[in-house]
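Trainee: Have a look at this one before I ask anything.
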Amino acid sequence: MLFPRPKRFFLCAGAAEGYTLLNAFDAALLEAGVGNTNLIRMSSILPPHTERTEPIALEPGSFVPIAYAHIGSNTPQEMIAAGVAIGVPVDRSLPGVIMEYSARGQAEDVERIVRSMAEEAMKYRGYAVAEILSASAQHRVESSGAAFAGVVLCE
């Protein structure tokens, strides 16, 4: 196996204003607790037998597998939001599904949509759902803003 199978996961979210869109994204990562790391964006499968944990301190410079949603905007007063949801199967020997979604609007709307996306993905697979977990962030833009939400996989 090239990489060890993750044993734990946690959800994170953050939003921020910045000098540019990239600075806003960077600041949102810091707020979410995943700044100062090298994010490795992955497709959206939660490995079997993976357990939820509280967010952990990540070693600066480490490579971090993550499924995430983000959005940035330069439109003053615009509300933006990003969210993630995980469909956790009743049978923990099966994989779960992570969904990501971002939009202009409120976090509660983004979270409702992304949770529905996770439920639908579990239905496609024929998996009974134990729970749907979710996290989201929203931001009202001043000049350059970003919102971010993710699911980090770790050992």
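Each residue of the sequence shown is one higher than the one before, starting from 188 at the first, in our numbering.
For every residue, glycine included, the Cβ atom is placed at its ideal position computed from N, Cα and C.
Apply the 10 Å Cβ neighbour rule to P276 and answer buried if 16 or more other Cβ atoms are within range, or exposed otherwise.
Mentor: The residue you call residue 276 lines up with position 89 of the sequence shown. The residue is buried, with at least 16 neighbouring Cβ atoms inside 10 Å.
Trainee: Can you check whether the CB of A211 is closer than 8 Å to the CB of G337?
Mentor: For the purposes of this step, residue 337 is taken as the residue at position 150 of the sequence shown. For the purposes of this step, residue 211 is taken as the residue at position 24 of the sequence shown. No, these two residues do not count as a Cβ contact at 8 Å.
Trainee: Report the CB separation of G270 from E298 in whole angstroms; it is logged as a contact under 8 Å.
Mentor: Position 83 of the sequence shown, counted from the first residue, corresponds to residue 270. Position 111 of the sequence shown, counted from the first residue, corresponds to residue 298. Indeed, because the Cβ distance is near 5 Å, the residues count as touching under 8 Å.
Trainee: How about G205 and E218: are their beta carbons less than 8 Å apart?
Mentor: Position 18 of the sequence shown, counting from 1, holds the residue named residue 205. Position 31 of the sequence shown, counting from 1, holds the residue named residue 218. No, these two residues do not count as a Cβ contact at 8 Å.
Trainee: Do you know offhand how far I227's Cα is from S280's?
Mentor: Mapped onto the sequence shown, residue 227 falls at position 40. Mapped onto the sequence shown, residue 280 falls at position 93. Distance between the alpha carbons of I227 and S280 is about 25 Å.
Trainee: When the Cα of T240 is compared with those of F197, H257, G313, which residue comes out closest?
Mentor: Translated into the one-based positions of the sequence shown, residue 240 becomes position 53. T240 has its Cα closest to that of F197, out of F197, H257, G313.
Trainee: Is L313 buried or exposed, if buried means 16 or more other CB atoms sit within 10 Å of its CB?
Mentor: Start at 1 with the first residue of the sequence shown, and residue 313 comes out as number 126. Here the sequence assigns Gly to residue 313, which means Leu is not the residue at that position. Burial call: exposed.
Trainee: Quick one: Cα of Q264 to Cα of R291, how far?
Mentor: By 1-based counting over the sequence shown, the position of residue 264 is 77. By 1-based counting over the sequence shown, the position of residue 291 is 104. Cα-Cα distance, rounded: 11 Å.
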